[in-house]
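Novice:
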Amino acid sequence: MTRSRETAPRFLNLFAIRFPVGAIASIGHRISGVLLLVALPLAAQALERSLRSEAEFRALLALRASPWVSIAIAVIAWAIAHHLLAGIRHLLMDLGVGHRLATARASAWFVNVAASVVALAILVACLWSGVAS
Amino acid sequence: MRLFSGQRAWVLQRLSVLLVLVLLALGGLRLLFWPAPSYEDWRAFTSSAHGAVLIALFFGAIALHAWVGARDVVLDYLHQRALRFAVLLLVATVLVAVMTRVLFALGGQIA
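Structure, rendered in structure tokens:
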């Protein structure tokens, strides 16, 4: 027991490691996961508020018009999109799909870019609904 | 804290996330192809037996998935025993609080 504890790999100084595209997809998966865990209580609170009354339901929907809330929504949208896409990529690799280096690099690029595009689109949509209302 | 570890945790994390994926896809399709739900639609859905069960399952599956994921992250990056324990305890408390809140919100609908 002690031996395995001493020889087990330890996690390292993250700033001293080079990050190829797959590593960025991978660390993004962890960062987005932690973000989503932090946001989960907000989701429970939103569920509760949405059921309290029609006024609360509407107030909750109207929140997205505020610029700060728009940014928060975009960050959460990035986290959801990245976590989903990178997670599906990992699940496919568990099944042996796309684990060769060239495919893995291409899918990592796709995950990183697509999640950013989703976040930007949501940000624009939220800010637009704020301007329009 | 050894609430799920090793291969059992690995399997649990993947099974729970498959349920999350299915429910997210259903919710996404609903929002894409039907008009945005009104307050009445939302109340009707959340107070129906199937709606309440689906929402509770959604949060429950996320909580299980998040527990295993958070545990992996904590064990990889935090090495001090006391700190590990404190953070894991905090995560567990948050997840239990989230589930309690969700179940009370849904239960208040049905009662």
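Top line first, the protein sequences correspond to chains W and D.
So the first sequence is numbered by the numbering used here: it starts at 193 and just counts up by one.
So the second sequence is numbered by the numbering used here: it starts at 1417 and just counts up by one.
The beta-carbon is built from N, C-alpha and C at its ideal position, and this holds for glycine as well.
Note that the structure is a prediction, hence the values are computed from the model and not measured.
If the cut-off is 9 Å on Cβ atoms, which residues from the stretch 1457-1468 of chain D count as contacting chain W, listed in chain order?
Specialist: Answer in chain order: 1458, 1459, 1462, 1463.
Novice: Using a beta-carbon distance below 8 Å, is residue 1517(D) in contact with chain W?
Specialist: yes
Novice: Between the alpha carbons of residue 1453(D) and residue 229(W), how many angstroms are there, rounded?
Specialist: 26 Å
Novice: Provide the residue span of the alpha helix (DSSP H) that contains residue 1429(D), from first to last.
Specialist: 1422-1449
Novice: Is there contact between the stretch 295-305 of chain W and the stretch 205-216 of chain W, where contact requires at least three CB pairs shorter than 8 Å?
Specialist: yes
Novice: Verify the CB distance criterion: does residue 279(W) have a CB-CB separation below 8 Å to chain D?
Specialist: yes
Novice: Taking C-beta to C-beta, are residue 1480(D) and residue 1421(D) nearer than 8 Å?
Specialist: no
Novice: How would you call residue 275(W), buried or exposed, if buried means at least 16 neighbouring beta carbons within 10 angstroms?
Specialist: buried
Novice: Quick one: what's got a C-beta closer than 8 Å to residue 263(W)'s C-beta in the same chain, skipping five residues either side?
Specialist: 315
Novice: Quick one: what does DSSP say residue 302(W) is sitting in, helix, strand or coil?
Specialist: helix
Novice: Rounded to the nearest angstrom, what separates residue 205(W) and residue 1494(D) at their Cα positions?
Specialist: 12 Å
Novice: State the CB to CB distance for the pair residue 1476(D) and residue 1515(D), rounded to an integer number of angstroms; the pair is presumed to be in contact (CB under 8 Å).
Specialist: 7 Å
Novice: Nearest to residue 1471(D) by CA position, among 212(W), 317(W), 292(W), 236(W), is which residue?
Specialist: 236(W)
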